[in-house]
Amino acid sequence: RFSDGSGTGVVVKTRAETKKPSMYKVLMLNDDYTPMEFVVHVLERFFRKSREEATRIMMHIHRRGVGLCGVYTYEVAETKVTQVMDFARQQQHPLQCTLERD
Ligand code: TYC
7 RFSDGSGTGV VVKTRAETKK PSMYKVLMLN DDYTPMEFVV HVLERFFRKS REEATRIMMH
67 IHRRGVGLCG VYTYEVAETK VTQVMDFARQ QQHPLQCTLE RD
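Laid out in structure tokens, this is it:
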């Protein structure tokens, strides 16, 4: 904050410069064993997708090998990856999930 030097006593506010956080893509990989329905469930539960959107993403991964689940700040993205990997392992599915700088 500073006076504008006009003698009017007007105070001009300067915006503090803020940096946008780096964003990270959470990607899911295809495999031959994880059931399609399990992948749809993961997308609904951890990435808050509708059944329709989850099914679209799952089929994209199934056909293309990899697909985007969402874009988040580092801490959120890392948490999603851990949650998905832990859940898949519990159910003994080989589903792989990874994080990539956007
Ligand atoms: N390819 C799997 C199947 O045919 C389905 C699948 C889709 C697995 C997406 C993983 O990330 C995945 N059962």
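For what it's worth, full-length UniProt numbering labels the leading residue of the sequence shown as 7, then goes sequentially. Cβ coordinates follow ideal geometry from the N, Cα and C atoms, glycine included.
Under the three-state DSSP convention, the category residue i falls into
i: residue 55; result: coil
i: residue 97; result: coil
i: residue 21; result: coil
i: residue 26; result: coil
i: residue 80; result: helix
i: residue 72; result: strand
i: residue 104; result: strand
Cβ pair residue i, residue j closer than 8 Å
i: residue 108; j: residue 72; result: no
i: residue 53; j: residue 19; result: no
i: residue 101; j: residue 61; result: no
i: residue 83; j: residue 30; result: yes
i: residue 27; j: residue 79; result: yes
Residue i beta carbon near the ligand TYC (any heavy atom closer than 7 Å)
i: residue 42; result: yes
i: residue 34; result: yes
i: residue 68; result: yes
i: residue 101; result: yes
i: residue 92; result: no
Anticipated Cβ contact below 8 Å, residue i with residue j, distance rounded
i: residue 103; j: residue 45; result: Actually they are not in contact, since the Cβ atoms of residue 103 and residue 45 sit about 10 Å apart, beyond 8 Å.
i: residue 90; j: residue 48; result: 6 Å
i: residue 34; j: residue 68; result: So it is not a contact: roughly 10 Å between Cβ atoms.
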